[in-house]
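Working notes, beginning with the structure itself.
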Amino acid sequence: MTTDITIADLDHTYPGATTPTLRRVSLEVPAGTRTAVLGPSGSGKSTLLSIVAGLSTPTGGDVRLAGHSVLHQPPHRRDLGVVFQRPLLFPHLTVAENIAFGLRMRGTDRAAIRRRVTELLDAVALPGYGERRSGELSGGQQQRVALARALAARPGVLLLDEPFSALDPQLRGDMRALLTELHRREGSTTLFVTHDRDEATDVADTVTVLLDGRVAQHAPPADLFRRPATLTVARFLGGAGNAIPGTASAGHFDCPLGRLRLDTDHRGAGLLLIRPAAIVVGDHPGDNVVPATITAVTDRGTHLDIQATSGGVTLQLTTGPAAPLRPGDDTPLWLPPAHLSVVTP
Amino acid sequence: MTETGLATGSRPVQGARPVSGAGPVRGARRPRRPLGVGLARPTVLILTGLWVAGPLLPLAVQAFTDQWFYPDLWPNRWSLAGWEQALGPQSRLAEAVATSIGIGAAVAALATALGAAAGRALAWHRLPGRRLIELVLLAPVLVPPFAVAMGAQVVYLRAGLADSLTGVVLAQLPAATAYATLLMSGMWAGVDPALERQARTLGAGAWRAFREVSLPQLRGGLVVAAMFAFLISWSDYLLTLLIGGGVVTTVPLLLFATAAGSGNQAATAAIALVAVAPPLLLTALAARQLAGRDTALLGVGR
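As they're listed, the protein sequences go chains Z and D. For the first sequence, position 271 (counting from the first letter as 1) is numbered 271 according to our numbering, and the numbering increases by one without interruption. For the second sequence, position 286 (counting from the first letter as 1) is numbered 1286 according to our numbering, and the numbering increases by one without interruption.
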C-alpha cells in the first residue's frame, strides 16, 4: 500500500527568526517512488521532513498524503515511518519490542506482531537479534533496527533524515543497498533528506536540490549533473569547474571556443557548463570538436586531472589514469552536446 | 548537594593514582593496604549509624518501662503499660496513623505528579527566568517555616480551607512539590526528548508516548520523589497544627500532645516509635531504587 506525497507552497519561519527556513517549497513524490531532498546544512531540508512528519508546523502551504491534507493531523495519525540520523531505539525495550512498537500502538494481535518482527529481522539481516538490548548493538545494527521499526506497520510513507550520515563510509554503502532492497520489498513512498550527493543519486530516482529554503532543481540524478538549472546548483554539485561565458541562441552557443551546437532554452548572454569528466580527448566525427593544448597533467592514481587551453579559455578535464598525455601536447577535444548546458551568469 | 560535591571531589584523587583501576590490579593491591585504612570505613559507618539512630535507642528502652529515673543507667522495672495506653481503646493513635497515611499518600501522589510535569518543563524547555524558578523552588528550604505557616493560616482561613484534611494537604503540598520538582527535573534531563518524538511517528499519541517511552526511564526517580514527599508530609507539625486547627490529628500532633499533656513518658516513647517506623520501612523499600541502577540520583550511592 503506497501513498503519494504532495508538498504545496510550503513556507516556514522559526519563531523570532528574520529569514524563512522554507520559501514556497513545492514537491510531488508519486506513490512508490523515492525522492531525495539534497541540500547543504541549513538549507531547511530537515525542517521540511519534520513538517511532513507532523513534528513541526509550517507557517504556510499544505502537505497532502494520498490527496488529503494532513496538516491538522497529529504525527501519530499520519501513516508514516521516520528514521532519524540517530537510531533512537527505546533503551528500556529489546530489539524485537522496538520493532513491534508501532504495531503495538495500532493494536495488532500478538501472533501477527511476532511474524512481522521475525520477517523484518531477516530483512535487515539481523536474524536472532530480537532479545538483545539496543546497547548491545553496533551503530549500523541499531540503524538497521530503526529502519525495521519504521517499516513494521507498513506505512504508506517512509521519511529518512540523514539516516546514514553517522555511519562510516563502508557501512553507508551497505545501508544504501539495504534501503533499495527494502524499498523493493515494502514499496513505501520514500522521502529522503541528505547532504551527501552520492547518497542522493544512489538511493533516489528523483532528486530535489534545496538551497536556502528554495527548490533549486527537481530532476532525475543524471539530468541533475548533465543540466544543472543554475550556477549555484552546479557549484553545489561540484560541476562548475568549466564555466565559459558566451551567447546562447536556438541550438547554438557562441563563445571563445567557437560556435558549439547544443540544445538549450536559454537565450542571450550565459555561462556554458560542462563537467570535467564529460570532455572526451581525441577527434570525433561531427560538431563540437575544438583544438586544444595540454598545459598541466596531475596523476591522481584513479584518474588524471588535466588542464588544457583552447581559444584562450582554460578547460578542466579528467581522463582514465593511462591516457598518454603530457603538457605541451596538442589534441582535439570533443564537447558532447548532451553534456552541455547554459545557465544565467 | 553536598554529597554530590564530595563525590566529584574525590574523583581526581582516584584518577591521580598511577594505575587506573583495572580489576586484577586492585585485587593484588588489597593485602598491602594498612590496617588503619581497612578499619576506617566500618568505623565511619558505625559512628554515623550511632549519630542517626542513637537518640532512638533510649526511646526503645523507655517504651517498655514505667519507672526509669535520673541517676539510674537502666530501668528497674519493665512494663507494657506505655503500649497499652498508646494502643488502648481511649487512645487515638490508630486514627492518627490513618490520618497521617491518608494525608501523606495524597501529598505524595499530587507532589510527584506536579513535580514530574514541572520537572519536564524545566529540563526540556528553555523557559525564560529558569534560574529564578529554581530559586523559588528552593524557597521552602530557605524561608523559615514559621513565617510561611503564619501567613498560610490567614490565607487558608479566608479561603475556608482551614480545619480540614483538604486544607492540610494543600498546605503541605508546596514544600513537597518543590523537592519533587528539583528531583524530577534532574531525572528528565537524562531522558532524550527525541525518543518521544520518535514514538509519535510510530503511532503513539502524546500521552501514550510519555507513558510508553519516558515513564519507564523515570520510574526510579518517581519512587524516590513520592517517598520524599510522603516523608515531608509525615513529619510535618507546624502547618498541620495551624491549618488543621486541632481538628486534623496526625501522628506528630498526637505525639506532641501526649508528651506535653499527659507526661506519660512510656506512652510518648511508644508513639514516637510508631512515628519512626514508616520512614524506616519506606527507606528500606526504596533502597533498591536508591542504590540500584540510578546511583547518580541525589548523589547517594557510590
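Where a beta carbon is used, it is the ideal one built from N, C-alpha and C, also for glycine.
Own chain partners of residue i with C-beta closer than 7 Å, once the 5 adjacent residues on each side are dropped
| i | result |
| --- | --- |
| F1059/D | In the sequence as presented, Phe is not what sits at residue 1059/D; that position holds Leu. The answer, listed in chain order, is A1269, A1272 and L1273. |
| V29/Z | D4, I5, T35, T189 and L191 |
| I1133/D | L1122 and L1127 |
| A1284/D | none |
| A1267/D | G1082, Q1085, A1086 and T1258 |
| T1112/D | A1180, L1222, A1225, A1226 and A1229 |
One or two residues paired with residue i in a DSSP bridge
| i | result |
| --- | --- |
| A269/Z | T247/Z |
| D161/Z | V193/Z |
| W1051/D | BP columns for W1051/D are empty, so no partner. |
| S69/Z | R64/Z |
| I5/Z | V29/Z and L65/Z |
| S1262/D | For S1262/D, which the question treats as bridged, DSSP gives no partner whatsoever. |
| S341/Z | L273/Z |
| S1185/D | Paired residues: none, contrary to the question. |
| Q307/Z | A296/Z and Q316/Z |
| P291/Z | P332/Z |
| T1065/D | W1078/D |
| A36/Z | F192/Z and V207/Z |
| Q217/Z | V209/Z |
| L10/Z | V25/Z |
Whole-angstrom distance between residue j and residue i, CA atom to CA atom
| i | j | result |
| --- | --- | --- |
| A1257/D | F101/Z | 57 Å |
| T190/Z | P91/Z | 27 Å |
| A1081/D | S1100/D | 24 Å |
| P256/Z | A323/Z | 26 Å |
| G311/Z | L48/Z | 46 Å |
| P1279/D | L1050/D | 17 Å |
| T1181/D | V1148/D | 19 Å |
| L1073/D | L1110/D | 47 Å |
| A216/Z | V37/Z | 11 Å |
| R1026/D | V1044/D | Note on R1026/D: pLDDT 45, under 50, position unreliable in the model; the coordinate value appears next. Answer to the nearest angstrom: the Cα atoms are 22 Å apart. |
| A1175/D | A1287/D | 23 Å |
| T33/Z | G1186/D | 45 Å |
| G328/Z | D9/Z | 54 Å |
| P50/Z | E186/Z | Here the sequence assigns Ser to residue 50/Z, which means Pro is not the residue at that position. Each residue's Cα considered, the two are about 22 Å apart. |
| N288/Z | G268/Z | 20 Å |
| P1089/D | G1129/D | 55 Å |
| L1165/D | V1097/D | 14 Å |
| A112/Z | G1119/D | 39 Å |
| V157/Z | T2/Z | 7 Å |
| A211/Z | T108/Z | A quick correction: the sequence has Leu, not Ala, at residue 211/Z. Approximately 42 Å, taken between the alpha carbons. |
| T180/Z | A31/Z | 16 Å |
Same chain, Cβ closer than 8 Å to residue i, five either side skipped, listed in chain order
| i | result |
| --- | --- |
| T309/Z | A292, T293, T295 and L315 |
| Q1172/D | I1103, V1107, I1232, S1233, D1236, L1239 and T1240 |
| R1029/D | In this prediction, R1029/D has a pLDDT of 47, which is less than 50 and means its spatial position is unreliable; nothing more can be read from the coordinates. |
| S46/Z | D161, E162 and V193 |
| L304/Z | V297, T298, T318, T319, G320, P321, A323 and L325 |
| L1087/D | L1093, A1094 and A1270 |
| G258/Z | V290 and G311 |
| S41/Z | H195 |
Beta-carbon separation (whole angstroms), residue i vs residue j, contact threshold 8 Å
| i | j | result |
| --- | --- | --- |
| I99/Z | L80/Z | I99/Z to L80/Z, Cβ: 16 Å. No contact. |
| L271/Z | A243/Z | 5 Å |
| A1194/D | L88/Z | 6 Å |
| D11/Z | P75/Z | Incorrect: roughly 20 Å between the Cβ atoms, too far for contact. |
| S341/Z | T264/Z | 7 Å |
Residue i versus the options, residue with shortest Cα-Cα distance
| i | options | result |
| --- | --- | --- |
| M93/Z | L1280/D, A1287/D, Q1217/D and V1223/D | The question names Met, but residue 93/Z is Leu in the sequence shown. When only C-alpha atoms are compared, the closest one is Q1217/D. |
| Q1198/D | E1212/D, P1089/D, S1185/D and P1252/D | E1212/D |
| R214/Z | T230/Z, V203/Z, A222/Z and A200/Z | T230/Z |
| Q1062/D | N1264/D, A1152/D, M1184/D and A1277/D | N1264/D |
| M1150/D | A1267/D, L1087/D and G1245/D | G1245/D |
| G239/Z | T247/Z, I274/Z and D329/Z | I274/Z |
| H339/Z | P228/Z, D109/Z, V95/Z and A250/Z | P228/Z |
| T118/Z | L151/Z, L137/Z, E136/Z and S138/Z | L151/Z |
| V1248/D | V1169/D, Y1179/D and V1276/D | V1169/D |
| P337/Z | T18/Z, R172/Z, R300/Z and G286/Z | G286/Z |
| P276/Z | V203/Z, D265/Z, L262/Z and I306/Z | I306/Z |
| L348/Z | V95/Z, G44/Z, L65/Z and P155/Z | Chain Z is shown from 1 up to 345; residue 348/Z falls before or after that span and cannot be answered. |
| G1190/D | A1206/D, W1207/D, R1219/D and P1071/D | R1219/D |
Close beta carbons around residue i, own chain, < 6 Å, minus the five adjacent residues each side
| i | result |
| --- | --- |
| A148/Z | I99, L120 and V124 |
| G1167/D | Y1156, L1161 and I1243 |
| R78/Z | G54 and V70 |
| F1064/D | W1078 |
| A1275/D | V1251 and L1255 |
| V348/Z | Since the first residue of chain Z shown is 1 and the last is 345, residue 348/Z is not available in this structure. |
| A1209/D | E1196, A1199 and R1200 |
Proximity test, residue i beta-carbon vs the ligand NAD heavy atom, cut-off 8 Å
| i | result |
| --- | --- |
| L1202/D | Looking for the ligand NAD in the displayed structure turns up nothing, as the structure carries no ligands at all. |
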